[in-house]
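Heads up, the thing below is written out as C-alpha cells.
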C-alpha cells in the first residue's frame, strides 16, 4: 500500500487530484493551480467516494487521478471532419435558422480553417446567395445541432 496525496484545484474547487507524489508535480497544470489538502496514509481508513483501486490505477497509468467536474473551454475532440461541418445549419442569436454551411475556406500555409461559406435564402438553388463568415464568429450549439453566429445573414 502507498501514501496518497489529495490536492484541490484552485481553478475548479470541486475538482480533486490524487497522486502518490507529495508535491503534486504530475497533476495536469491546465487544471491547476493545485493546493495540497490531505495526506492519506496506507493504514488510514479510505473514506473517499472513489475506490482506492480506481485511484491507484489512474496513478499507475497517468501519475495522477482526477475526481470531480472538469471545466473545458473547448470541445473534447478538437478535430472534426469537413463533411460533418458542410451542410450544418447556421442560426442567429435568436435561434432562427439563417443559412447553411456550404464549404470551409482553409488557409494554404497554416492549413487552418479561416472562414466558412454560408448559403442564405433561395428555393431549389434559385435566389440563393453566399456570404463568408469568419470561423471564429461561429460557435457550435449542441442543442440546435448547428452553429450560432451574431452576424446577420441577409
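Residue numbers (the working numbering): 14 to 167. Idealized CB from N, CA, C, for every residue including glycine. Treat the numbers as computed from the prediction; the structure is a model and nothing was measured.
Own chain partners of residue i with C-beta closer than 8 Å, once the 5 adjacent residues on each side are dropped
{"i": "residue 23", "result": "45, 46, 47, 48"}
{"i": "residue 71", "result": "31, 77, 78, 79"}
Collapsed DSSP secondary structure at residue i in the structure displayed
{"i": "residue 130", "result": "strand"}
{"i": "residue 67", "result": "helix"}
{"i": "residue 72", "result": "helix"}
{"i": "residue 144", "result": "strand"}
{"i": "residue 150", "result": "helix"}
Nearest to residue i (by Cα), restricted to the options the options
{"i": "residue 83", "options": "36, 130, 102, 25", "result": "25"}
{"i": "residue 62", "options": "80, 134, 100", "result": "80"}
N- and C-terminal bounds of the alpha helix (DSSP H) containing residue i
{"i": "residue 97", "result": "95-98"}
Boundaries (first-last residue) of the beta strand (DSSP E) holding residue i
{"i": "residue 18", "result": "17-22"}
{"i": "residue 29", "result": "29-32"}
{"i": "residue 40", "result": "Looking at the DSSP string, residue 40 is not in any beta strand (DSSP E), and its letter there is neither H nor E."}
{"i": "residue 102", "result": "102-104"}
{"i": "residue 160", "result": "159-162"}
{"i": "residue 112", "result": "110-119"}
{"i": "residue 78", "result": "78-80"}
Same chain only: Cβ atoms within 6 Å of residue i, ignoring 5 sequence neighbours per side
{"i": "residue 53", "result": "17"}
{"i": "residue 76", "result": "39"}
field: Inter-stretch contact (C-beta, 8 Å, three-pair minimum) for the region 110-117 and the region 62-77
entry: no
message: Count Cβ pairs between the region 102-111 and the region 142-160 that sit closer than 8 Å; are there 3 or more?
response: yes
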